[in-house]
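Residue numbers (this note's numbering): 1238 to 1644. From the three backbone atoms N, C-alpha and C, an ideal C-beta is built for every residue, glycine too. None of these values were measured; they are calculated from a predicted model. Encoded as structure tokens, the structure appears first; notes follow it.
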Amino acid sequence: MMHHKRCEILSVGTELLLGDTLNTNAHYLAQGLSRVGLDLFIQTVVGDNPERLKQAVRDAMARAEILLFTGGLGPTTDDLTKEVVAECFGRELVQDKEALDEIKAFYALTGRVMPKSNEKQALMPRGGILLKNAQGTAPGCIMFSDEGHIAVLMPGPPREMQPMFDSEVAPFLQQYSAGRLYSKVVRVVGLGESRMAEMLSDLIESGTNPTLAPYAKNGEASVRVTSRAKTQEEANRLIDPVVAEIMRRLGPHAYGVDVPNLETVISKRCLQMGKTLCIVEAGTSGLAAQRMQETKDADRVCGPCLSAPETAKLAQALNMADPLPGDITQACLGLARQAAARFQTPVAVAIIVTGQQAACAVQVDEVLHTDARVLPARGKDYYSTHATQMAFDLLRLIMTKGQSLGL
């Protein structure tokens, strides 16, 4: 096994620098390097300026051993990636007959003659490796410096770069990997990211293999546990004890391992228990129903769903004879009871958002539970998301008795 090397991605193109084109190549390469098992430390975007590109290459050479370039391999005068990298690497560019023949053949397929300007694309570094491009006229190459640096040059168009990376670059880079990266994600609800990180601080600070990374998004948090290993089995031996300790510390706040969201947990539990649910919600723009209806088994677990902008209109839609109480928690109780009775579902969820106040009621087999909160001033989308999370978490705790889904 060769020495494990650090990587840097350099995306070349003024259109990327100015934001005219979305840099999807960097995203694709970052994921690809992770699959190969190589460490990516920095991504750089530089325009089509030879002096600034030269400086970017030299800076990257001081930080990493493997440099991956996209863009700047075209036939025009401002396509200078290959020339600049060759200068920085101290390598001569020479005409490559195989590359030239490939470009001519590409033009011949459409009945055209290759322009003279395309000959520049067939220049390859002496001692380098040609990367064929079946989708266009710009072949890539792998270049080596005397100091041990490796430059991988790929075309800018994603439809050309992606197959080149998958078929030729990734297999080449595999020899420099110290093992692939494997991860498991613990999903957490009811705890903020900072509080969760505090509870796991020693694991986060001491982790080397595996490492822990906390995240927060859409009203919940998560912890990604990542290890470098040769196989999934080896990774599991490293990851699983750490995941188990995280679950122990976070208790019922940790609702699953490698599950996408709360609604998936609820859907699976409904299937296991043979139950269907209905949802009635006011002030959420129907978010709870939308989330449940996007789960894989929605057609088997979701009963009727009603949404209205105001509580009174929701009560009217449910044909409630008596007016709802002013307290929104008590109003949720009334809505949940009425929905379960009217729609004949063993599980009913009622949610009300009015201003910064949010409340929910959950009925499971005629047993009712409620929760209510005053939310910080963040805006309607925030209120809807957090009210829905609150209701789903309450239902999840009742249906699973606080147990998590996954490991």
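(request) Using 10 angstroms around the beta-carbon of Gly1256, count the other beta-carbons present and answer buried if the total reaches 16, otherwise exposed. (result) Within the sequence shown, numbered from 1, the residue matching residue 1256 stands at position 19. Its Cβ having fewer than 16 others within 10 Å, Gly1256 is exposed.
(request) Identify the continuous beta strand (DSSP E) that holds Pro1451 and give its terminal residues. (result) By one-based count along the sequence shown, residue 1451 stands at place 214. 1448-1454 is the extent of the beta strand (DSSP E) around Pro1451.
(message) Would Lys1357 and Pro1392 qualify as a contact pair, given that the criterion is a beta-carbon distance under 9 Å?
(response) Reading the sequence shown from its first residue, position 120 is the one you call residue 1357. Reading the sequence shown from its first residue, position 155 is the one you call residue 1392. Taking 9 Å as the Cβ cut-off, Lys1357 and Pro1392 do not qualify as a contacting pair.
(message) So for Ser1522, helix, strand or coil by DSSP?
(response) Stepping through the sequence shown from its first residue, residue 1522 is reached at position 285. Look at Ser1522 here: in three-state DSSP terms it is coil, with no helix or strand label.
(request) Enumerate in chain order the residues of its own chain whose CB-to-CB distance from Ile1635 is below 7 Å, with the five nearest sequence positions on each side excluded. (result) Looking up residue 1635 in the sequence shown gives position 398. Contacts found: Val1599, Val1601, His1606.
(request) Say whether the stretch 1531-1551 touches the stretch 1515-1523, bearing in mind that this needs 3 or more beta-carbon pairs closer than 8 Å, one atom from each stretch. (result) yes
(request) Helix, strand or coil for Met1238, going by three-state DSSP, please let me know. (result) Translated into positions along the sequence shown, residue 1238 becomes position 1. Any reading at Met1238 must be qualified, since the residue scores a pLDDT of 40, below 50, and its modelled position is unreliable; no value is offered.
(message) Suppose you measure from the CA of Met1661 to the CA of Asn1355; what does that come to, to the nearest Å?
(response) In this structure the chain extends from 1238 to 1644, so residue 1661 is not present and cannot be described.
(message) Rounding to the nearest angstrom, what Cα-Cα distance links Phe1409 and Val1321 in this structure?
(response) By 1-based counting over the sequence shown, the position of residue 1409 is 172. By 1-based counting over the sequence shown, the position of residue 1321 is 84. So the two alpha carbons sit approximately 23 Å from each other.
(message) Since Thr1251 and Gly1284 should fall inside the 8 Å C-beta cutoff, what is the C-beta to C-beta distance between them, to a whole number of angstroms?
(response) Taking the first residue of the sequence shown as 1, we reach residue 1251 at position 14. Taking the first residue of the sequence shown as 1, we reach residue 1284 at position 47. Their Cβ separation, rounded to whole angstroms, is 4 Å, which keeps Thr1251 and Gly1284 in contact under 8 Å.
(message) Taking a contact to mean a Cβ-Cβ separation below 9 Å, would you say Thr1591 touches Lys1512 in this structure?
(response) Stepping through the sequence shown from its first residue, residue 1591 is reached at position 354. Stepping through the sequence shown from its first residue, residue 1512 is reached at position 275. Taking 9 Å as the Cβ cut-off, Thr1591 and Lys1512 do not qualify as a contacting pair.
(message) I'd like the ranges of any beta strand (DSSP E) spanning at least 3 consecutive residues and lying wholly in the stretch 1500-1544.
(response) 1514-1519
(request) Please go through the same chain and pick out, in chain order, the residues whose beta-carbon is closer than 6 Å to the beta-carbon of Asp1439, but skip the five residues on each side of it. (result) In the sequence shown, residue 1439 corresponds to position 202, counting from 1. Once the five neighbours on either side are set aside, Asp1439 has no close Cβ partner at all.
(message) Taking a contact to mean a Cβ-Cβ separation below 9 Å, would you say Ala1647 touches Glu1500 in this structure?
(response) Lying outside 1238 to 1644, the shown extent of the chain, residue 1647 is not represented and no answer is given.
(request) Could you round the C-beta distance between Val1460 and Leu1437 to whole angstroms and report it? I think they count as a contact, below 8 Å. (result) In the sequence shown, residue 1460 corresponds to position 223, counting from 1. In the sequence shown, residue 1437 corresponds to position 200, counting from 1. 7 Å between Cβ atoms; contact.
(request) Could you tell me which uninterrupted beta strand (DSSP E) segments, each at least 3 residues in length, are contained entirely in the stretch 1366-1419, listed from first to last along the chain? (result) 1366-1368, 1377-1381, 1387-1391
(message) Rounded to whole angstroms, what is the Cα-Cα separation between Met1238 and Gln1412?
(response) For the purposes of this step, residue 1238 is taken as the residue at position 1 of the sequence shown. For the purposes of this step, residue 1412 is taken as the residue at position 175 of the sequence shown. Residue confidence for Met1238 is low, a pLDDT of 40 falling below 50, so the modelled location carries little weight; the figure read from the coordinates is stated next. Rounded to whole angstroms, Met1238 to Gln1412 spans 7 Å at the Cα level.
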